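Read through the structure below, which is laid out as structure tokens, and then see the notes.
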Amino acid sequence: MEARYPSESLTVLTDLVLPGETNPLNNLFGGELLARMDRAAGISAGRHSRRIVVTASVNHVAFNKSVPLGSVVTVEAKVSRAFRTSMEVVIDVWVEDRQSGEKTKANEAIYTFVAVNETGTPVSVPPIKPQTELEKKRFDAALRRKQLSLVLAGKMKPDDATELKALFVAQENK
Ligand SMILES: CC(C)(COP(=O)(O)OP(=O)(O)OC[C@H]1O[C@@H](n2cnc3c(N)ncnc32)[C@H](O)[C@@H]1OP(=O)(O)O)[C@@H](O)C(=O)NCCC(=O)NCCS
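So the sequence shown is residues 214 to 387, counted in this note's numbering.
Spelled out as structure tokens, the structure:
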């Protein structure tokens, strides 16, 4: 299968925060943002693989800033690394100031999707070729994150998570 670039999977969803989507403080409800991120990331993984994709895990979510009612929210998703059947998707969330138009990064997340056939069996996906410095950095770190996710899910023995262990050993030796 021919390799694809992360930019080919870029997915950008822009939408408002409406009254039915907020918590009692009139800020965007976390579950609503998770759903928007899942949708954008799913489209992104589908663009990379050109297959049906399912969310396998949510590896990391940081709600760094609240998003007030009426905000214009942009969710940007891009595949950072493709493995055999799974893909890591990095999502950045931006909030736009209505008056200045300036965008501030509010949140980020990392989801894992698996490409499947019509019966739900995992199928292979094309490899990915990172181009920018940020894409290369995210590509390199993705294997460690995959190992951590599998260890936490009880699908990999900690001893087999070699790249993840190497990170801790490197920290100890500093
Ligand atoms: C995701 C799913 C297809 C994985 O099936 P599985 O039987 O575990 O398949 P495998 O063991 O072959 O794993 C498939 C890939 O997923 C990866 N994977 C599975 N669980 C993972 C996890 N928790 N974190 C990261 N990667 C994971 C595996 O490492 C493997 O990746 P690779 O082929 O790129 O190396 C299956 O669990 C499923 O269908 N889950 C439900 C998905 C769904 O409905 N999501 C919406 C929730 S409402």
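Cβ coordinates follow ideal geometry from the N, Cα and C atoms, glycine included.
Bear in mind that the values here come from a model prediction, so they are computed numbers and not experimental data.
When C-beta atoms of the stretch 318 to 334 are compared with those of the stretch 258 to 267, three or more pairs fall below 8 Å, so the two segments count as touching.
A straight-line Cα-Cα distance of about 18 Å links Ile323 and Tyr218.
Its chain contains Val364 as the residues whose beta carbon lies nearer than 7 Å to that of Pro371, once the 5 sequence neighbours on both sides are disregarded; these appear in chain order. Selection around ligand 1 by beta-carbon proximity, strictly under 5 Å to any non-hydrogen atom, yields Val267, Thr268, Ala269, Ser270, Phe296, Arg297, Thr298, Ser299, Thr325, Val327, Pro335, Ser362 and Ala366 in chain order. Beta-bridge annotation (DSSP): Leu282 is not paired with any residue. By the neighbour-count criterion, in which a residue is buried when 16 or more other Cβ atoms sit within 10 angstroms of its Cβ, Val292 is buried.
For Val338, no alpha helix (DSSP H) run applies, since DSSP gives it neither H nor E. Every unbroken stretch of the alpha helix (DSSP H) spanning 4 or more residues and falling wholly within the stretch 342 to 387 is given here in chain order: 346 to 365 and 375 to 385.
With distances taken between CA atoms, Leu356 lies nearest to Ser299 out of Ser337, Ser299 and Thr235.
A direct Cα-to-Cα measurement between Gln344 and Thr334 gives close to 31 Å. For Pro339 and Lys359, the gap between their C-alpha atoms comes out near 17 Å.
By the Cβ-count criterion, Ala216 is exposed, with fewer than 16 other Cβ atoms from all chains shown falling within 10 Å of its own Cβ.
For Val266, the beta-bridge partners assigned by DSSP are Ala328. Leaving aside the five residues that flank Glu376 on each side, the residues in its chain whose CB is nearer than 7 Å to its CB run, in chain order, Leu356, Arg357 and Gln360. Distance between Glu385 and Ala290, taken at the CA atoms: about 34 Å.
No Cβ-Cβ contact shorter than 8 Å links Asn320 with Ala253. Taking all protein chains shown into account, Thr224 has 16 or more neighbouring C-beta atoms within 10 Å of its C-beta and is therefore buried.
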